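A.B. asks: All you need for our numbering is the position in the sequence shown, starting with 1, plus 7.
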Amino acid sequence: MAGGRSGTHPLRGRQVECETLDRLVASVQGGHSSVLVLRGDVGIGKSALLDYVRESADGCRVARAVGVESERELAFGGLHQLCSPFLNRLGRLPAPQRDALGTAFGVAAGPPPDRFLVGLAVLSLLADAAEQEPLICVVDDAQWLDKVSAQTLAFVARRLLAERIGLVMAVRRHALEAEFAVLPRLTVGRLSDSDARDLLTSVIPGRLDERVRNRIVAETQGNPLALLELPRGLSPAELAGGFGRPDARPLASQIEESFLSRVQALPPGTRQLLLIAAAEPVGDVTLLARAAATLGVEESAASPAEAAGLITIGARVRFRHPVVRSAAYRVATAEARQRVHRALADATDPDTDPDRRAWHLANATAGADETVAEELERSADRAQARGGVAAAAAFLERATELTSDPAARGARALAAARAKHQAGGYDAARELLDAASLCPLDEHQFARAELLRGQIVFDSMSAADALPVLLKAARRWEPLDAELARQTYRDTLHAALIIDRLPVGAQLPDIARAALAAPPGPPPQRNDLLLRGLAMMIVDGYQAGAPLVLRALEAMCTEETSREEGLGWFPLAARMAFDVWDFDSNTVLSARLVELARAAGALSVLPSALLQLVSNRVLAGELTHADTLIAEAQAIGEATGSRYLAHYVSLVTEPWKGREAEMLKAIDAMTRDADLHQGGPGNILSASEWAKAVLYNGLGRYEEAHTAAERGAENLRELGLAIRSMVELVEAAARSGRPARAAEAAHRLADMARASGTDWALGVSAMVRAQVSAGPAGEALYREAIERLGRTGVRVTHARAHLLYGEWLRRENRRADAREQLSTAHEALSRIGVTGFAERAWHELRAAGATAPRRTAESRTALTAQEAQIARLAGGGMTNPEIGAQLFISPHTVEWHLRKVYAKLGVHSRKQLGGAVLEGTAITT
């Protein structure tokens, strides 16, 4: 065993590592989950440490998986290794999880499962297995896991908490997967010279020249496997007298060359048997025997390899070290490898494992072969059906290579490019698109290639760079597919609206004109109305397009909508409801969008859907509910490895709380997260300036609010937060001695409000116009604003109207009337938790002669955001598995959080977790 056992410590020189693993096992045995990634060079002893944790996990069940380089393209292969002992428990999972995992593993038919639903299913399956006894999962060579298995295990690792599960993975130092980078890790370093000498002495019989010992210790750099293997290449005379020649090659190369030499020294039949085992990574003894028989290799051929300690054949085939597998494969010629893969293909059951058979056939084929290419296409279809996009991409890419007909080659290259894009392989996708462009494509294929190129640019570079490509794709689709053209224009316009500043040469009106000129799509008409309304708002002005948008929104809220249509059109519709001041439609559509995204497990849509709903709930004065939604967004960010939108959603609530340091921290975190993406998402500037304007208006720092609002409202054509910044601009300009600027902004908002006609729009219009009016006219407008806004659900703006009216009354020296309005504002703003504006109202009350005490949001105690979310869902009647499915945690972790909630709130069951108990509860970050 690499690392060497000693009398005092389980592995020589690995006391710290072994103690760390002992603590991990003890934690699992004590009821808490634990995760560790062992990171180090080839041969440094990672596999030995995994063996140690397996052997020392008394009272625990152990599950094992090994990543194999040649298996990287087979979706869910590594995950299936780990989960296969527990598949008899599949029926115990909730139906959506059971179906997703069954489809992923190919044991059930169904639509492509959502990746994160598969992750949740694996988490639930392992947690269920750990109920009987603690579970230790060990994964060797995790850098060779297929992409989806690596992502799923990283998802599971981030969600483990109270399930009695230990997860230990070993990865090579320079091959640390991005998915594992955020997990707890331990770097396994070199042995000390003293431990290295002791290990070397323990494995070399007879006399060893001291100079040779020192040279070997120096050259092996404390690498246990090198210490055990490299001396095998020295003769007894060289070991005794030190006459060997130094080797300047990298240590990893020397270790592999040592194994290569040992493999080459084996009899031909044994080498061939090792090659079969190396090409068949599952370790299936029966399959090995069938393939060996096909090639005429006798059973006794394994004996020399087993005697040399290179391989063990028992219930499974196991190589001593992954480097041995690599050496056995490398030492063979290309022709020998092809013969072995052909034999393995023949030995593999086409009914039970058709994809692995197809992969062996592909590796057995040197030139073009249409039959094998068709097999690979069928495997790609099956992989897509299981959600294995990366595997489908690999099958299709190899099918392309095996295709000689130019037209078929182009079609397969285009399909492979689409799959590569879905799998995140943007560079490979571009290369395949370039290859497809050299083939004779028809009009539909050209259009799909153009659209795909735009999507790749959008995802891998920036939305700004993607706009002209997407626009070109939309135009190409017009004569071919009106619906796809409409959807592409929708996505292009939506992308243009979320970019802070359009790139040079790109004009939002040009994109909108192109959308208007496109032929109408098929029913329903509501989608055309929405798209045309938005485009007309941009081209002909807000007043021209807003009525069409309002008609579309009414239809979307009242008519039946499929899941696919909702996920495609509701993100834009909910945003447009915000832009045309239709609070009721915004409430309905944002809530339905979140429901649809949750039900579909559509995590590409859910974060932005939560953003819409958070904005809605903040305006409704439900900041506590908004905070619990933010906790869900943060959970998704942790699950997906992207926290940008979680930071963005936080920014929607922070300015209202009056906490400058926290808001600036959220802006900084959002900006830094966006910088991690090539090109970065849009709206950072607009969101940041709007947030500052709200914060500083609330704090009464009007100069700073004016500066921020001017920046945020620079381009009203972008709608969204630019309109909201204009509202803040009126207040900031009016209070900082800029009446003309305030009046101009109020006039523009009034024009928009007339086009909208909703109580929200007309109420805000009256509120901003009141701030630039005097005498009875101003007072009438304040009263109109309060009346109109009181008929809406926009409680925050309604409370602000009371505050502004009260401040005006105090300046008019009508102190008694002022106290009435200011008291109403202070009570409402305090109850909601809009701290900055509530503090402003309190100061105004004092100035008006009132002796009102400061009010704060009454808090029974403080819950974390996730605890509050779990408490709200449990109080609403959801079960632990249902809550876990929504928040991407296991039912055990839900129960663990609920116990903490009960203790904090002084309750004893979920029946007591009603709205009254949670009302006013503080949320900590």
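All C-beta atoms, glycine included, are put in the ideal place defined by N, C-alpha and C.
The structure displayed is predicted, hence computed values, not measured ones.
Whole-angstrom Cβ separation of residue 171 and residue 142, contact assumed at under 8 Å?
C.D. replies: With 8 Å as the limit, residue 171 and residue 142 qualify as a contact, their Cβ atoms being about 7 Å apart.
A.B. asks: Got a sec, what are the start and stop residues for the beta strand (DSSP E) residue 90 sits in?
C.D. replies: Premise fails: residue 90 lies in the alpha helix (DSSP H), 84-90, not in any beta strand (DSSP E).
A.B. asks: Which same chain residues, not among the five before or five after residue 684, have their C-beta less than 6 Å away from its C-beta?
C.D. replies: Note that residue 684 scores a pLDDT of 43, beneath 50, so its modelled location is shaky; the value from the coordinates is reported in the next line. Closer than 6 Å at Cβ, skipping near neighbours: no residue.
A.B. asks: Which runs of the alpha helix (DSSP H) at least 4 residues long sit entirely within the region 377-450? Give them in chain order.
C.D. replies: Fully enclosed alpha helix (DSSP H) runs of 4 or longer: 377-392, 396-408, 413-429, 433-444.
A.B. asks: May I ask you to check if the CB of residue 207 is nearer than 8 Å to at least one heavy atom of the ligand PLP?
C.D. replies: As far as ligands go, the structure on display features none, and thus does not contain the ligand PLP.
A.B. asks: Using 10 angstroms around the beta-carbon of residue 307, count the other beta-carbons present and answer buried if the total reaches 16, otherwise exposed.
C.D. replies: With fewer than 16 other Cβ atoms within 10 Å, it is exposed.
A.B. asks: Cβ atoms of residue 841 and residue 878: under 9 Å apart, would you say?
C.D. replies: Not a contact, by the Cβ cut-off of 9 Å.
A.B. asks: Name the one or two DSSP bridge partners that residue 142 has.
C.D. replies: 68, 172.
A.B. asks: Residue range of the beta strand (DSSP E) that residue 43 falls in?
C.D. replies: Per DSSP, residue 43 belongs to the beta strand (DSSP E) from 41-47.
A.B. asks: How would you call residue 356, buried or exposed, if buried means at least 16 neighbouring beta carbons within 10 angstroms?
C.D. replies: Residue 356 comes out exposed.
A.B. asks: At which residues does the alpha helix (DSSP H) containing residue 582 begin and terminate?
C.D. replies: Where residue 582 is concerned, the enclosing alpha helix (DSSP H) stretches over 570-586.
A.B. asks: Could you check whether the Cβ of residue 734 sits closer than 9 Å to any Cβ belonging to chain C?
C.D. replies: This model lacks chain C altogether; it includes just one protein chain.
A.B. asks: So the candidates are 701, 759, 727; which of them puts its Cα closest to the Cα of residue 738?
C.D. replies: Checked all of 701, 759, 727; the closest Cα to residue 738 is 701.
A.B. asks: Would you call the CB atoms of residue 727 and residue 693 closer than 9 Å?
C.D. replies: A contact, by the Cβ cut-off of 9 Å.
A.B. asks: Would residue 428 and residue 452 qualify as a contact pair, given that the criterion is a beta-carbon distance under 9 Å?
C.D. replies: No, the pair does not count as a contact, with Cβ atoms beyond the cut-off.
A.B. asks: Between the region 582-602 and the region 514-531, can you find at least three pairs of beta-carbon atoms closer than 8 Å?
C.D. replies: At 8 Å Cβ cutoff, the stretches do not touch.
A.B. asks: Given this structure, state the Cα-to-Cα distance separating residue 615 from residue 676, to the nearest angstrom.
C.D. replies: Rounded to the nearest angstrom, the two C-alpha atoms are 17 Å apart.
A.B. asks: Using only the alpha-carbon positions, how far apart do residue 122 and residue 266 sit?
C.D. replies: Going from the Cα of residue 122 to the Cα of residue 266 covers about 39 Å.
A.B. asks: Between residue 917 and the rest of its own chain, which residues show a CB-CB distance below 8 Å, the 5 nearest in sequence each way excluded?
C.D. replies: Cβ neighbours of residue 917 beyond the five flanking positions: 881, 882, 905.
A.B. asks: Cβ of residue 549 within 9 Å of Cβ of residue 525?
C.D. replies: Not in contact: residue 549 and residue 525 (Cβ atoms no closer than 9 Å).
A.B. asks: Note down, one range per segment and in chain order, each alpha helix (DSSP H) of at least 4 residues found wholly within the region 778-839.
C.D. replies: Here the runs fully enclosed are 782-797, 802-818, 822-839.
A.B. asks: Is DSSP giving residue 112 helix, strand or coil here?
C.D. replies: Three-state DSSP puts residue 112 in coil, outside helix and strand.
A.B. asks: In chain order, what residues of the same chain have a beta carbon less than 8 Å from the beta carbon of residue 322, not counting five sequence neighbours either side?
C.D. replies: These residues qualify, in order along the chain: 292.
A.B. asks: Between 721, 767, 566, 782, which has its C-alpha nearest residue 752's C-alpha?
C.D. replies: The shortest Cα separation from residue 752 among 721, 767, 566, 782 belongs to 721.
A.B. asks: Using the DSSP secondary-structure output, state which residues sit across from residue 147 in a beta bridge.
C.D. replies: Paired residues: 73.
A.B. asks: Using 9 Å as the threshold, is the C-beta distance between residue 832 and residue 779 below it?
C.D. replies: Cβ atoms of residue 832 and residue 779: not closer than 9 Å.
A.B. asks: Can you name the start and end residues of the beta strand (DSSP E) that residue 326 belongs to?
C.D. replies: It spans 324-326 - the beta strand (DSSP E) in which residue 326 sits, taken as one unbroken run.
A.B. asks: Quick one: grab the DSSP three-state call for residue 177.
C.D. replies: Three-state result, residue 177: strand.
A.B. asks: When we look at the beta-carbon of residue 876 and count the other beta-carbons within 10 Å, is it buried (16 or more) or exposed?
C.D. replies: Residue 876 should be labelled buried.
A.B. asks: Return the chain-ordered list of same chain residues with a C-beta closer than 6 Å to the C-beta of residue 476, the five sequence neighbours on each side being excluded.
C.D. replies: Closer than 6 Å at Cβ, skipping near neighbours: 460, 461, 464.
A.B. asks: Taking just the CA atoms, how far does residue 148 sit from residue 309?
C.D. replies: Rounded to the nearest angstrom, the two C-alpha atoms are 24 Å apart.
A.B. asks: Give the range of the beta strand (DSSP E) segment to which residue 194 is assigned.
C.D. replies: Element bounds for residue 194: 192-194.
A.B. asks: Measure the beta-carbon distance from residue 156 to residue 85 and round it to whole angstroms, keeping in mind my assumption that it falls under 8 Å.
C.D. replies: Contact holds; Cβ gap of about 4 Å.
A.B. asks: For residue 890, report the span of its alpha helix (DSSP H) as first-last.
C.D. replies: Per DSSP, residue 890 belongs to the alpha helix (DSSP H) from 887-894.
A.B. asks: Would you kindly work out how many angstroms separate the C-alpha atoms of residue 227 and residue 371, rounded to a whole number?
C.D. replies: Looking at the two C-alpha atoms, the distance is approximately 38 Å.
A.B. asks: Based on the DSSP secondary-structure assignment, which residues constitute the bridge partners of residue 691?
C.D. replies: Note: residue 691 sits in no beta bridge, so no partner.
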